[in-house]
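In order, the protein sequence lines correspond to chains A and B. In terms of numbering that gives the first Met the number 0, the first sequence opens at residue 0 and continues consecutively. In terms of numbering that gives the first Met the number 0, the second sequence opens at residue 0 and continues consecutively. Ideal Cβ positions, reconstructed from N, Cα and C, are used throughout, including at glycine. For clarity, every value in this text was computed on a predicted model and none was experimentally measured. See structure below.
Protein chains: 2
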Amino acid sequence: MGKRSHWREHPAHALRVDHGFRLESFDAAATPGFEGAQKHAERLMERRGADLAELQERLYAHGRAGGDRSMLLVLQGMDTAGKGGIVRHVLGMVDPQGVASRGFGVPTEEERAHHFLWRIDRALPQAGRIGVFDRSHYEDVLVVRVHGLVPEAVWQGRYSEINEWEAQVAERGTTIVKCALMVSPEEQLNRIEERLERPDKHWKYNPGDLDERAHWPAYMEAYQAVLDRTSTPSAPWHVIPADNKWYARLAVTELLASALESLELGWPQADFDVQAERERIARLRSKEV
Amino acid sequence: MGKRSHWREHPAHALRVDHGFRLESFDAAATPGFEGAQKHAERLMERRGADLAELQERLYAHGRAGGDRSMLLVLQGMDTAGKGGIVRHVLGMVDPQGVASRGFGVPTEEERAHHFLWRIDRALPQAGRIGVFDRSHYEDVLVVRVHGLVPEAVWQGRYSEINEWEAQVAERGTTIVKCALMVSPEEQLNRIEERLERPDKHWKYNPGDLDERAHWPAYMEAYQAVLDRTSTPSAPWHVIPADNKWYARLAVTELLASALESLELGWPQADFDVQAERERIARLRSKEV
């Protein structure tokens, strides 16, 4: 059957962080829940991409009709984990008018003068949109924790601040889909090296990425704390093995599509009299002939 | 030859507004400069879409490397002319991270309290990005003129204000591509009717569109004034026949791709020592084995 999904277990379950989840025993090359090969994944992704495009249009239509629902995809991951590729290949399947993509780098001076959630809150998607954060407020308990950029008492308090803020955001109508893309150190080195060997990728190469690699164990510890402390019912974490790009892209496509499906949005009802409008058009036509 | 372009004359020339251009003798069903059929256009669009995606990535890379170039696509047109379809199908071919799409509806109270260019200026694309305006500052000399929303002396002054502002924007590194999508009144009525007959399109149906249609001649006069007075060397207008959606989409793809090509952006040079980085990676590998 061409219509087989090849998902043995839905990624919303297979990838969701459960109590007791340990990053140290995580296999970044695995394909949890999926029993097909790459070619099956690619075919399936095309099909679900078409679904995603229609679901996004319904969300947009609802926003235009006064609905308050929106979607926020939060992408975290070590350098080269494929966050940009997710935006390009997954969100690239839907209408750009419905997507607001935002990257969070080192905070500007203005941003540093505010609470760490200030710049994040301002970037939330409008009703009807899919927002994408390439890195996010989680950097404030990841790079900031690893490098001790603020005192421990400050970053320790941020986990509960994040949980409270996300609960409020969800309460106001934004479905939050959090994905941590996990690449193995070996695959990361391959990807860094590939950027070095291709002049058209040099602009993506940053010598600092190799420096950050030296802090791998500290980053894993910081990620483990994020997963332990900020995977909540209103905004659960999904940990996505990212050594196989095709798997990671398919998994995020499915997570987004199923999150949109769960909103059960039909097309908005007409707020005008359809028959009366038909008659207006008929009168216009008869005048023009 | 599968590689034939089917353009007899490049759309940058075929569609560019020349002195003496008259909208009243314009054929919205024509396909200026293009001698192929729809199927040729679709094949060509796919090919040029791939070019566009790479050109956009180069622009983005330049922005990341400190370059100041950006691109702004200004879309104007009567209701149903296909502005949204252009964003969806043309800009949908490139990485969403590189595109900032913005629609300009009726100004908010805050926007009305400012100069008409205030909200426009704030929406300009960052360096490295392609900005898209679905409607724009031209509404301030179109709907505003047709409905007399400000005194004539005010809107009369806006043409030169727009020209000066656009010249400055271009001077700062933004290539402005202005496209007026022109649909015939007959085709517009067909498209409005189609929205009415499809419940999944009701959210796009606005009874006010038929009211606006009654002002068609006044709109054409206002568009003619825009084309006469704001097609400048730094920001020329292209008038795009839009009864055939496939033609309009192909033409805008080609206009954008050729505008990007004219920037002649290579990939940014490495700002690091490639050989030294290779050696760092080799040392890391030898340690890991």
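In the DSSP annotation of this structure, the continuous segment of the alpha helix (DSSP H) that includes A:G84 starts and ends at 82-88. Beyond the five residues adjoining it in sequence on each side, B:W245 comes within less than 7 Å, by CB distance, of Q37, A40, E41 in the same chain, given in chain order. The beta carbon of B:A27 lies closer than 7 Å to those of M181, V182, S183, E186, P240, A241, D242 in the same chain, with the five residues before and after it left out.
Against chain B, a Cβ distance below 7 Å from A:G91 picks out D94, P95. Taken in chain order, the members of the segment 266-281 of chain B whose beta-carbon sits within less than 9 Å of a beta-carbon on chain A are W266, P267, Q268, A269, D270, F271, D272, V273, A275, E276, R277, R279, I280.
Cβ neighbours of A:Y218 within its own chain (closer than 8 Å, five residues either side excluded): M77, L141, V145, E211. Between B:G172 and B:D94, the C-beta spacing is not below 8 Å. For B:D133, the enclosing beta strand (DSSP E) covers residues 129-133.
Between the segment 71-86 of chain A and the segment 73-91 of chain B, the count of C-beta pairs closer than 8 Å stays below three; the two stretches do not touch. According to the DSSP assignment, B:S159 belongs to the alpha helix (DSSP H) that extends over 151-170. Taking 8 Å as the threshold, the shortest C-beta distance from B:A64 to chain A falls below it.
The shortest CA-to-CA distance from B:H113 to any of B:Q125, B:I129, B:G97, B:H136 is the one to B:H136.
Where B:S257 is concerned, the enclosing alpha helix (DSSP H) starts and stops at 244-260. Considering only beta carbons, the part of the segment 209-236 of chain A lying closer than 7 Å to chain B consists of L209, in chain order. When the Cα atoms are used, B:E23 and B:P216 turn out to be separated by approximately 10 Å. Secondary structure within the segment 103-148 of chain A: the beta strand (DSSP E) runs of 3 or more consecutive residues, fully enclosed, are 129-133 (chain order). Residues of chain B whose Cβ lies closer than 9 Å to the Cβ of A:V149 do not exist, since the nearest Cβ in that chain is about 27 Å away.
For the segment 55-87 of chain B, the set of positions with a beta-carbon nearer than 7 Å to some beta-carbon of chain A reads A60, R63, A64, G83, V86, R87 in chain order. Its Cα nearest to that of A:R101, the residue A:I119 stands out among A:A11, A:R111, A:I119.
Secondary structure at B:W6: strand, using DSSP grouped into helix, strand and coil. For the pair B:A166 and B:R134, the Cα-to-Cα distance works out to about 19 Å.
Secondary structure note for A:M219: its alpha helix (DSSP H) is the uninterrupted segment 215-229. Where B:L74 is concerned, the enclosing beta strand (DSSP E) starts and stops at 69-76. Contacts between A:R284 and chain B, judged by CB atoms closer than 8 Å, involve L188 in chain order. Chain-order list of chain B residues neighbouring A:V98: P95, by C-beta distance under 7 Å. Shown here, A:R194 sits in a helix according to DSSP, grouped into three states. Chain B has no Cβ within less than 8 Å of the Cβ of A:I119. Its Cα nearest to that of A:F33, the residue A:E253 stands out among A:P267, A:R21, A:L226, A:E253. The beta carbon of A:E110 sits closer than 6 Å to those of R118, all from its chain and outside the five residues before and after it, given in chain order.
Taking a beta-carbon distance threshold of 8 Å, B:L195 counts as an interface residue toward chain A.
Within a 10 Å sphere around the beta-carbon of A:T174 sit 16 or more other beta-carbons, which makes this residue buried. Annotation: Cβ neighbours of B:I191 in chain A (cutoff 8 Å, chain order): I280. For the pair B:A269 and A:Y204, the CB atoms are nearer than the 8 Å cut-off.
Collapsing the DSSP output to three states places B:W236 in a strand. The criterion of a C-beta distance shorter than 8 Å is satisfied by B:L226 and B:F20. For B:Q125 and A:S230, the gap between their C-alpha atoms comes out near 34 Å.
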